[in-house]
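Q: Structure below; questions to follow.
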Amino acid sequence: MAATEESPWVAEVVLSDGESALVRPMTPHDAAALREFHSRQSSESIYRRFFSPKPEMTPGMATYFTSIAPDDRAALAVMSGDELIGWASYERWPGRDDAEVAFMVDDGHQGNGIATLLLEHLAAIARSNGIRRFTAETLGENRAMLSVFGKAGWPLHRRFESGVFDLDFDLTDDAGFVDSVERREQRSDSRAMARLLLPRSIAVIGASATPGTVGAELWAHVDTSFTGPRYAVNPGHERIGQVASYRSVVDVPDDVSLAIVAVPTEVLEQVIAECVAKGVRGAIIVTDPQGSDVDVGAMVSSARRSGMRIIGPTSFGVASPTTGLQAALVDVTLPQGNVAISMQSGSLGGSLLRKAADMELGLSWFVSLGDKADVSGNDLLQFWADDESTAVVGLYTEAFGNPRKFARIARRVALTRPIIAVRTGAAAVGGAVDAIYRRAGVIEVPTVAALLDTVRVFSTQPIPSGPRVALLTNSRSPGLLAGAAITAAGLEQVLDVPPLSFRSDAVEFADALASTLGRDDVDAVMVIHAPAFERDLGIIADQVDRAARTAAKPVVAVVIGSRDGPLCPGSPVPSFSFPEPAAAVLGRMWAYSRWRSAEM
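In terms of the working numbering, the sequence shown is numbered consecutively and its last residue is 1192.
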């Protein structure tokens, strides 16, 4: 178990406060660092670990703890940069398949989930070496350590005698342990993303005063949308507009939470190193390093070791109408709503945002991941899982980094927030991805247009409890198209509905909808209006909207030949120009309803 990048037990982790750290096996080279770690801990912490005063760790003790016997003894270190902030070890009881485990976390880093992470990683090593059970001794007053063991998810056996708890637990992968690990992981990942996506201050590195440049566009958007401190960084400008321009991010006199980086490739690695030195918590890299000599992997690894997370490279930016931040390379005003969308493609993302604005689709978040060198769709799902402003998630996926983790996270998120995904490129190939989507409850759509159609209906309409769709139409031909589309979507058309004609007025439409929604044999309603006269459109739309607002069943409208968007200004009822996409969305909603009912 060497402490090299090739070791299977080396892992970059996220602590419960969102900071990044590295878990790795200890080696004899760590003996001096372990003694230094011990010397800076309080006498109380030392007593709780060793059950006796040990103001100094002897060289012999340090050598013992850092000398690993693969089958019988293991020790792990948690590193924050080059600093040792926690360690743990286990030692097998002679001739048995159980081992004693012990932990010590730096006084300045307690409460950040380090002991829990160490326990999970040590357990994985122990199981690989045939150890089936951990034992531990903990002082009765050490409530923090007792809580770590108690919340780990394993059935815990306790015995208390003379002020000491004797603990033991089987190292099984049962549901309780898996749930505990997943909940801890979600909280940590979410906080890490919050540090990046909810910055207190922003520096635009590469900000420019030259109109039409990427730096000028980004600075203009950030300067006019972000209400916190914002700083322009560009050694080629003394001022940008009314603000000073700093030569480097390290010259900014205050803390910087987020750096948005749009610089030439030849200085990209230097700029990221300066962000690390400044203590920046997150970076969005707009620069495209393709074809350059930039070592993206090494750059990202260095950033993560320092606790900085990166979106990109080749990101189109981030926008959040909910928080007001507009740091994306598209000049469009986005309505506030409850739909979060993640994409890899930059240019396609800009087109999507313009179309979303045209459809008056309200967004909570838009994130362009670019090349996904660090932050991935999995990280965003963890953040949106408990984001109160997000009720629906849309994904455009070109490639999977960790399909198994995606399936696990997506399934948990989809139980409370529908996930609609369109995939292309490498992600579109193979039946394995189909199976992942099905098991996770992800709603797959064939195009970006279908993605927008689906998220906007999910964002405002309730989930249907059955497949029966009532079709109210004032025109026979669109009704025939809709009926065929309803069947093709795996739904059932309810035939006994109030008749309408091109002479039907707003009151007749509203009465037909109200009576149909009240029926027990109807699960959803599609209302089709082929306007005979343009002047009737607004009146009928208002009446249909009023009748549908309080419905507990989904209602979609089709106004033949109109633009897609809300039925009328401010209406939650989505309107389509033709019936086929509306029926397809209802079919997806019913499939999602079936999946969720089976999972709950």
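The beta-carbon is built from N, C-alpha and C at its ideal position, and this holds for glycine as well.
This structure is a prediction, so every number in the text was calculated from the model and none was measured.
In terms of DSSP beta bridges, what is G909 paired with?
A: BP columns for G909 point to A920 and S960.
Q: Taking C-beta to C-beta, are S1169 and G1179 nearer than 8 Å?
A: No, the pair does not count as a contact, with Cβ atoms beyond the cut-off.
Q: How about V1037 and D1115: are their beta carbons less than 8 Å apart?
A: Against a cut-off of 8 Å, the Cβ pair of D1115 and V1037 comes out as no contact.
Q: Roughly how many whole angstroms lie between the Cα atoms of P905 and I877?
A: Each residue's Cα considered, the two are about 5 Å apart.
Q: Tell me the residue span of the alpha helix (DSSP H) that contains A875.
A: Careful: A875 lies outside any alpha helix (DSSP H), inside the beta strand (DSSP E) at G874 to I877.
Q: Starting from N930 and walking both ways along the alpha helix (DSSP H), at which residues does that stretch end?
A: Per DSSP, N930 belongs to no alpha helix (DSSP H); it is in the beta strand (DSSP E), Q928 to M935.
Q: So, at 8 Å on beta carbons, what are the nonlocal neighbours of D699 in its own chain, with the 5 sequence-adjacent residues on each side left out?
A: So the list reads R632, Q633, S634 and S637, once near-sequence residues are dropped.
Q: Nearest-angstrom Cα distance between G544 and V1117?
A: This structure gives no information on residue 544, because the portion of the chain shown stretches from 593 to 1192.
Q: According to DSSP, which residues form a beta bridge with W679?
A: In DSSP, W679 forms a bridge with A669 and M696.
Q: Is V892 closer than 8 Å to A965 when the C-beta atoms are compared?
A: Going by C-beta atoms, A965 is nearer than 8 Å to V892.
Q: Looking at V842 and A869, is the spacing between their C-beta atoms short of 8 Å?
A: Contact: yes.
Q: Looking at C-beta atoms only, is the number of pairs between the segment 778-794 and the segment 732-739 that lie closer than 8 Å three or more?
A: Output reads no: the segment 732-739 does not touch the segment 778-794.
Q: Please identify the residue among E980, D963 and V985 whose C-alpha is closest to the C-alpha of L972.
A: It is V985 whose Cα lies nearest to the Cα of L972.
Q: Using the DSSP secondary-structure output, state which residues sit across from T1012 in a beta bridge.
A: Residue identity check: residue 1012 is Ile in the sequence provided, not Thr. In the DSSP output, where bridge partners are listed per residue, I1012 has G986 and I1035.
Q: Per DSSP, P617 is paired with what?
A: Note: P617 sits in a beta bridge opposite L668.
Q: For S1093 and P1158, what's the separation of their Cα atoms in angstroms?
A: Cα-Cα distance, rounded: 23 Å.
Q: Taking 7 Å as the limit between beta carbons, can you name the residues of its chain near V924, skipping five residues before and five after?
A: Cβ within range, chain order: L945, R946 and A949.
Q: Since Q882 is in the beta strand (DSSP E), which residue starts that stretch and which ends it?
A: Careful: Q882 lies outside any beta strand (DSSP E) and carries neither H nor E.
Q: Grouping DSSP H, G and I as helix and E and B as strand, with all else coil, what is A1116?
A: The answer is strand: DSSP assigns A1116 an E or B state.
Q: Report back the beta-carbon spacing between S1195 and N826 to the nearest angstrom; my notes put them in contact at under 8 Å.
A: Beyond the ends of the chain as shown, which are 593 and 1192, falls residue 1195; an answer cannot be given.
Q: Determine the closest residue to S968 out of L1063, D979, T989 and T982, with distance taken between C-alpha atoms.
A: Cα-wise, what sits closest to S968 is T989.
Q: Can you give me the C-alpha to C-alpha distance between A728 and A623, rounded to a whole angstrom?
A: Distance between the alpha carbons of A728 and A623 is about 23 Å.
Q: Looking only at DSSP bridge pairs, what is T730 linked to?
A: For T730, which the question treats as bridged, DSSP gives the partners F757.
Q: Between V859, R775, P651 and R839, which lies nearest to F975 when the distance is taken from Cα to Cα?
A: Out of V859, R775, P651 and R839, R775 has the C-alpha closest to the C-alpha of F975.
Q: Going by beta carbon distance, what residues of the same chain come within less than 7 Å of T1108, once the five residues before and after it are set aside?
A: Answer for T1108: A1062, L1064, V1089, P1090, V1114 and V1117, listed in chain order.
Q: Provide the residue span of the alpha helix (DSSP H) that contains I1055, from first to last.
A: Per DSSP, I1055 belongs to no alpha helix (DSSP H) and is neither H nor E.
Q: Measure the C-alpha to C-alpha separation of G899 and A865 and round it to an integer number of angstroms.
A: Roughly 12 Å separates the two Cα atoms.
Q: Compute the Euclidean distance between the alpha carbons of L1105 and M935, then round it to the nearest angstrom.
A: If you take the alpha carbons of L1105 and M935, they lie about 38 Å apart.
Q: Tell me, please, which residues DSSP counts as bridged to T1065.
A: Looking at the DSSP assignment, T1065 forms a beta bridge with I1120.
Q: Would L763 and I723 qualify as a contact pair, given that the criterion is a beta-carbon distance under 8 Å?
A: Yes, Cβ-Cβ distance for L763 and I723 is below 8 Å.
Q: With distance defined between alpha-carbon atoms, name the residue in A707, Q834, A919 and V886 nearest to T857.
A: The residue with the shortest Cα to Cα distance from T857 is V886.
Q: Going by DSSP, what residue range makes up the beta strand (DSSP E) through R901?
A: From DSSP, the beta strand (DSSP E) with R901 extends over R901 to I903.
Q: When we look at the beta-carbon of V1119 and count the other beta-carbons within 10 Å, is it buried (16 or more) or exposed?
A: Looking at its Cβ environment, which holds 16 or more other Cβ atoms inside 10 Å, V1119 is buried.
Q: If we ignore side chains and look at the alpha-carbon of each, how far apart do P803 and E809 end up?
A: Roughly 8 Å separates the two Cα atoms.
Q: Give me the residue from E692, E712, A1175 and S672 with the minimum Cα distance to H701.
A: H701 has its Cα closest to that of S672, out of E692, E712, A1175 and S672.
Q: Restricting to Cα atoms, I'd like to know which of S837, L860 and P821 is closest to D846.
A: Checked all of S837, L860 and P821; the closest Cα to D846 is P821.
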